[in-house]
Each structure stands twice: as C-alpha cells, then as structure tokens.
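Below you'll find the structure, written out as structure tokens, and then a few comments.
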Amino acid sequence: KSTTRKATFPSVDMTDLKNIGVSIPPIKEQQEIVTYLDSKVANINQLCQAERSQIEKLKEYKQRLISDVVTGKVKVTNDSLNGRV
C-alpha cells in the first residue's frame, strides 16, 4: 500500500495575476514609511554596534584576567572560585 498522497492546487495564470488589485500608498505615505523604517534600522544598527563593543571589551577583560592570573598579579583561591571574594 502506498503512503504517498497527492494534492492538487488550483492553477494561477497571467490573466488571474493581471486581475488582482494591489494597493499602493501615495508617494508621501511611502516616504513616511521609508523614513520610519530607516530610523528603526539605524536604531537597530546602533544597538548591534553597542553589543559588539561590549563583547570586545569582555574579550579584552578575559585576556587581561588570564594574563594576570598566569603572571601572579591576581591570586586564585578557593573563596574566589566559589564567588565569595
């Protein structure tokens, strides 16, 4: 017994597509939409840059901490490992 199923979809041709109405807002509204979206994208880009900057600072801190521990500038104790210092 076959477990495959067939589905049929109604076909859409160019005549059907030509008869579909598409609403296009006036130019002024399109410009307002673009301005709004540009503002939001700029805000998102700014947030992304701030996150990248924070990640870089944390990487630098990690490297400096590793270096300080290895060179003995920072002493690691059981208390510091358990978060009590």
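Using the numbering used here, you'd call the opening residue of the sequence shown number 21 and step up by one each time. Even for Gly, the Cβ is constructed at its ideal location relative to N, Cα and C.
1. So what's D58 in DSSP terms, helix, strand or just coil?
2. How far does the alpha helix (DSSP H) with T35 in it extend, from its first residue to its last?
3. Alpha carbon to alpha carbon, how far is K26 from C68? Give it in angstroms, no decimals.
4. Report the rounded CA-to-CA distance for D99 versus K82, giving the unit in angstroms.
5. Let me know the secondary structure DSSP gives N102 once reduced to three states.
For this structure:
1. Here residue 58 refers to the residue found at position 38 of the sequence shown. Helix, per DSSP.
2. Residue numbering aside, residue 35 sits at position 15 when the sequence shown is read from its first letter. Where T35 is concerned, the enclosing alpha helix (DSSP H) stretches over M34 to K38.
3. For the purposes of this step, residue 68 is taken as the residue at position 48 of the sequence shown. For the purposes of this step, residue 26 is taken as the residue at position 6 of the sequence shown. Whole-angstrom Cα-Cα distance: 46 Å.
4. Residue 99 sits at position 79 when you count from the first residue of the sequence shown. Residue 82 sits at position 62 when you count from the first residue of the sequence shown. Distance between the alpha carbons of D99 and K82 is about 19 Å.
5. Counting from one through the sequence shown, the residue named residue 102 turns up at place 82. DSSP places N102 in coil when its eight states are reduced to three.
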